[in-house]
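J.:
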Ligand code: PEP
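Numbering (this note's numbering), first residue to last: 3 to 243.
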């Protein structure tokens, strides 16, 4: 059965102190939710250790925001799978458009990072999405299918989450119409060997649009950026009906 995964991507936000404060407030706003709904926080590396030890961390899964494909060595600024599993991290975000845009990630390095994640028992959250100019040129399907094909080479599809994140909808306030996101996610699923992979939508998700997004049959969860920084707002998203 497909898992519903509601993930918050904090990006380069929150110190350890702020992360603990968030957990406390978030937990007190959480309603009893259906057991099949998984909550994931993609925190900065520096906050992961303290969050996994926090008394408020129970029931919340942690994700890192990067992983290197080598196990150790001269890779200044990178992080290995073993360093993450030691902190009881379960997921790792790979291929986020900000990594592709600002840090030179390619489909090939994204693929290597995801293979490393799986080799360490971590589940990659594989982000794909088209830019505004690609969308305007009618290239959305081709771009997404290419990202999926190249990213998934030699990957185990039984340990994978995919996030469809149209770049033009990230941090802009423009949400992709739920029906359009559902359609693209259906196309992504048609490319997979394992049809049970959970596929999320990401891009300006808020408590005001979560119900409509989650009502779509192909959408198995959301990856939330800005709105996940506020514990009350993120709890409202997780508590969706
Ligand atoms: C993201 O960066 O993954 C994202 C979806 O951001 P936002 O929700 O702020 O658009």
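The beta-carbon is built from N, C-alpha and C at its ideal position, and this holds for glycine as well.
Look at residue 147 and residue 94 and say whether their C-beta atoms are less than 8 Å apart.
T.: Taking 8 Å as the Cβ cut-off, residue 147 and residue 94 do not qualify as a contacting pair.
J.: Examine the ligand PEP and report whether any of its heavy atoms sits within less than 7 Å of the Cβ of residue 98.
T.: Checking every heavy atom of the ligand PEP against the Cβ of residue 98, one is found closer than 7 Å.
J.: Just tell me which of 196, 208, 144 and 179 has its CA closest to the CA of residue 160.
T.: Cα-wise, what sits closest to residue 160 is 196.
J.: Does the beta carbon of residue 173 sit closer than 8 Å to a beta carbon anywhere in chain C?
T.: The question asks about chain C, but that chain is absent: this structure has only one protein chain.
J.: Could you tell me the distance, in whole angstroms, from the CA atom of residue 143 to the CA atom of residue 189?
T.: Between residue 143 and residue 189, the C-alpha separation is close to 8 Å.
J.: Whole angstroms is fine: what's the gap from residue 66's alpha carbon to residue 87's?
T.: Roughly 10 Å separates the two Cα atoms.
J.: Helix, strand or coil: which one does DSSP assign to residue 104?
T.: Looking at residue 104 - three-state DSSP - the assignment turns out to be helix.
J.: Would you identify the three-state DSSP class for residue 50, choosing helix, strand or coil?
T.: In this structure, residue 50 counts as helix in the three-state DSSP scheme.
J.: Consult DSSP for residue 152 and reduce its assignment to one of helix, strand or coil.
T.: DSSP places residue 152 in helix when its eight states are reduced to three.
J.: Less than 7 Å between C-beta atoms, sequence neighbours within five positions excluded: which residues of the same chain meet that for residue 194?
T.: Within the same chain, residue 194 has close Cβ partners 159.
J.: Check whether the stretch 98-108 touches the stretch 50-62, counting contact only when three or more Cβ pairs, one atom from each stretch, lie closer than 8 Å.
T.: In short, these stretches do not touch, since the Cβ pair count stays below three.
J.: CA-CA distance, residue 72 and residue 123?
T.: If I take the Cα positions, the gap works out to 15 Å.
J.: Rounding to the nearest angstrom, what Cα-Cα distance links residue 157 and residue 179 in this structure?
T.: Their Cα atoms are separated by approximately 30 Å.
J.: Between residue 68 and the ligand PEP, is the CB less than 7 Å from at least one heavy atom?
T.: Because no heavy atom of the ligand PEP lies under 7 Å away, the Cβ of residue 68 does not count as near it: no.
J.: Quick check: is any heavy atom of the ligand PEP less than 7 Å from the C-beta of residue 167?
T.: Residue 167: yes, Cβ under 7 Å from the ligand PEP.
J.: Would you mind sorting residue 219 into buried or exposed? The rule is 16 or more other CB atoms within 10 Å of its CB.
T.: Under this definition residue 219 is an exposed residue.
J.: Tell whether a beta-carbon distance below 8 Å holds between residue 181 and residue 130.
T.: Against a cut-off of 8 Å, the Cβ pair of residue 130 and residue 181 comes out as no contact.
J.: Nearest to residue 80 by alpha carbon, out of 34, 115, 10 and 237?
T.: Ranking 34, 115, 10 and 237 by Cα distance to residue 80 puts 115 first.
J.: Our contact map puts residue 62 next to residue 39 with C-beta atoms below 8 Å; I'd like the distance itself, whole angstroms only.
T.: The Cβ separation is near 12 Å, so there is no contact.
J.: How would you call residue 75, buried or exposed, if buried means at least 16 neighbouring beta carbons within 10 angstroms?
T.: Exposed, since its Cβ has fewer than 16 Cβ neighbours within 10 Å.
J.: Can you tell which of 225, 232, 233 and 237 has its C-alpha closest to the C-alpha of residue 11?
T.: Of the listed residues, the one whose Cα sits closest to residue 11 is 225.
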